[in-house]
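Chemist:
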Amino acid sequence: MNILNVIEVIVAIILIIFIVLLHTSNKKLKLYRVVFLEITLVAIFGHVGYNLFFKQPTIEILGDKKIVIEAGRDYEDKGAKAKLRGKDISKTLKVKNEVNPKKPGEYKVYYELIYKNKLIKVERTVYVKDETAPTLKLKGSSTINVPSDSEYEEEGYTVEDDVDGDISKNVKIDKKEINEKQYKIIYTVCDKSGNSTVAERIVNIVNPVKKHDKSKNGYVYLTFDDGPTFDITPKILDILKEENIKATFFVINYTKDKEPLIKRIVEEGHSIGIHGNSHKYAEEYQSADHFMDNVYTMEKKIKDVTGIETKIIRFPGGSSNTVSKYYSVGIMTALTRRVLQEGYRYFDWNIPSGDSGDVDTSEAVYNNVTKNLGKDYPNMVLMHDFSGNKKTVNALRDIIRYCKSNGYILDKIRDDTPMITHKVAN
Ligand SMILES: [Zn+2]
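For the record, in the sequence shown the residue sitting at position 14 is 98 according to this note's numbering, with numbers rising by one throughout.
Laid out in structure tokens, this is it:
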């Protein structure tokens with residue numbers, strides 16, 4: 085309550101007393117009546133005079149006088165209201181906002197106006213605090229496999245802090261052994277306000293991937309890509325069954341009505357692998373993450389239908405394809421590394437049948453395969469069970485018989501099959 089309110093209350097009380105006194109007939113009070121009347125008049129004039137000549141504007145801060153905000157967010161000041169004799173004079177207010185929401189600290193916002201050469205000023209205090217920890221993102225996978233004969237190479241990370249920006253230089257890396265075959269890499273980063281973030285990567289030490297294994301020389305691995313299809317896959321399965329041969333099918337994404345084909349491949353003892361989702365290069369190779377998401381999706385899909393968790397991959401176009409560079413430079417270098425780290429193995433081929441290219445007769449398919457078979461290496465034969473590929477169906481039995489009669493061992497890709505890989509070119 086300010087002085088003005090006090091005066092108003094006193095005047096009101098005096099008036100009430102005066103009115104009461106007017107209604108009494110006691111003559112002794114006559115003098116008092118006059119005195120009261122004078123006091124009342126003085127009070128009324130005083131009040132009006134004060135209002136006219138001495139009353140100052142008031143500034144009222146809107147919102148809290150003390151505010152705490154998180155650094156990095158925008159600060160919007162709610163402002164203040166200025167009044168003089170009940171009139172809004174906020175337009176004459178000047179606001180001096182010193183808040184820097186990006187930098188933690190204590191700041192003032194001043195609201196001021198000049199009235200009759202006198203500065204009238206109020207202030208708000210804004211505390212900017214950084215209580216948000218930095219975001220630390222690991223590049224590569226959070227669980228990776230490293231062959232026991234090679235070194236772990238740091239995949240890297242990015243750090244973004246809402247106040248300090250890129251503070252990836254401040255990351256501390258520790259290594260903690262879990263057991264003989266597994267350890268943890270612990271990444272810790274702290275921003276200037278002491279908020280810290282921790283991330284972990286699990287490293288599994290695995291057996292070296294077999295690329296050369298003399299014991300598999302002279303083996304023939306028949307592989308069929310791009311299926312399953314209703315017209316070709318069953319015919320290939322029939323021949324394999326009749327010849328009592330196991331082979332490998334690298335499948336692309338399939339509709340629900342093809343699930344029986346997937347089941348049949350597995351039930352008849354063949355290996356199933358992941359070829360890709362759409363087989364459209366632009367879609368498959370837009371990014372390593374996108375490709376891997378497709379792999380995970382396919383893996384789950386195959387598992388849901390067959391119960392088999394497949395960890396073998398054939399890249400569309402092979403790991404040596406160069407078409408992928410139009411969509412993502414370096415993606416094959418990244419993917420060939422990453423699939424191994426995530427426990428997958430990928431297989432290219434060294435015996436192309438040519439059945440997806442310019443070869444258009446079963447004789448040519450037969451010749452392409454048989455002329456390149458060798459006993460000094462494992463033979464990874466690339467064929468296709470895409471729709472309409474009759475030439476391969478027609479050549480298959482002869483190829484199998486040629487292998488059998490020339491001392492080759494026909495087998496499917498297994499855990500101990502050495503990886504046949506091309507030289508990565510993107
Ligand atoms: Zn393919």
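Positions of the beta carbon are idealized from the N, C-alpha and C atoms, including for glycine. On a predicted model such as this, the values are computed, not experimentally measured, just so you know.
At the level of alpha carbons, what is the spacing between residue 384 and residue 265?
Modeler: 26 angstroms
Chemist: Provide the residue(s) that pair with residue 172 in DSSP beta bridges, ordered along the chain.
Modeler: 167
Chemist: Within a Cβ cutoff of 7 angstroms, which residues of the same chain sit near residue 347, ignoring the five residues on either side of it in sequence?
Modeler: 389, 390
Chemist: Nearest to residue 345 by alpha carbon, out of 446, 316, 228, 289?
Modeler: 316
Chemist: Can the beta-carbon of residue 161 be found closer than 8 angstroms to that of residue 181?
Modeler: The answer is yes: Cβ separation under 8 angstroms.
Chemist: Once DSSP output is grouped into helix, strand and coil, what is the label at residue 352?
Modeler: In the structure shown, residue 352 sits in coil (DSSP, three-state: anything other than H, G, I, E or B).
Chemist: For residue 112 and residue 125, I'd like the C-alpha separation in whole angstroms.
Modeler: Straight-line measurement puts the Cα of residue 125 at about 22 angstroms from the Cα of residue 112.
Chemist: Please report how far the alpha carbon of residue 119 lies from the alpha carbon of residue 134, in whole angstroms.
Modeler: Separation of residue 119 and residue 134 (C-alpha to C-alpha, rounded to the nearest whole angstrom) is 22 angstroms.
Chemist: Please report how far the alpha carbon of residue 440 lies from the alpha carbon of residue 329, in whole angstroms.
Modeler: Approximately 23 angstroms, taken between the alpha carbons.
Chemist: My parser needs the beta strand (DSSP E) runs of 3 or more residues fully inside the stretch 197-254; what are they?
Modeler: Taking 3 residues as the shortest admissible run, the stretch 197-254 contains the following complete beta strand (DSSP E) segments, listed from N- to C-terminal end: 202-213, 219-222, 227-231, 241-244.
Chemist: Report yes if the CB atom of residue 467 is closer than 8 angstroms to the CB atom of residue 454, and no otherwise.
Modeler: Contact: no.
Chemist: Starting from residue 436, follow its DSSP beta bridges and name the residues at the other end.
Modeler: 466
Chemist: Just how far apart, CA to CA, sit residue 153 and residue 254?
Modeler: About 26 angstroms.
Chemist: Just list the residues that DSSP pairs residue 145 with in beta bridges.
Modeler: 164
Chemist: With a threshold of 7 angstroms (Cβ to nearest heavy atom), would residue 482 be considered close to ligand 1?
Modeler: no
Chemist: In terms of residues, what are the limits of the alpha helix (DSSP H) holding residue 408?
Modeler: Taken as a continuous stretch (DSSP letters only), residue 408 belongs to no alpha helix (DSSP H), as it is neither H nor E.
Chemist: How is residue 489 classed by DSSP in three states: helix, strand or coil?
Modeler: helix
Chemist: Pick out whichever of 114, 409, 302, 368 has its Cα sitting closest to the Cα of residue 491.
Modeler: 302
Chemist: Considering only heavy atoms of ligand 1 and the C-beta of each residue, which residues fall inside 6 angstroms, strictly closer?
Modeler: 309, 310, 359, 363, 400
Chemist: Within a Cβ cutoff of 6 angstroms, which residues of the same chain sit near residue 284, ignoring the five residues on either side of it in sequence?
Modeler: The residues are 268, 270.
Chemist: With a threshold of 6 angstroms on Cβ separation, who are the neighbours of residue 342 within its own chain once the five nearest residues in sequence on each side are excluded?
Modeler: 312
Chemist: Rounded to whole angstroms, what's the CA-CA distance from residue 377 to residue 299? Just pull it up for me.
Modeler: Taking the straight line joining both Cα atoms gives about 35 angstroms.
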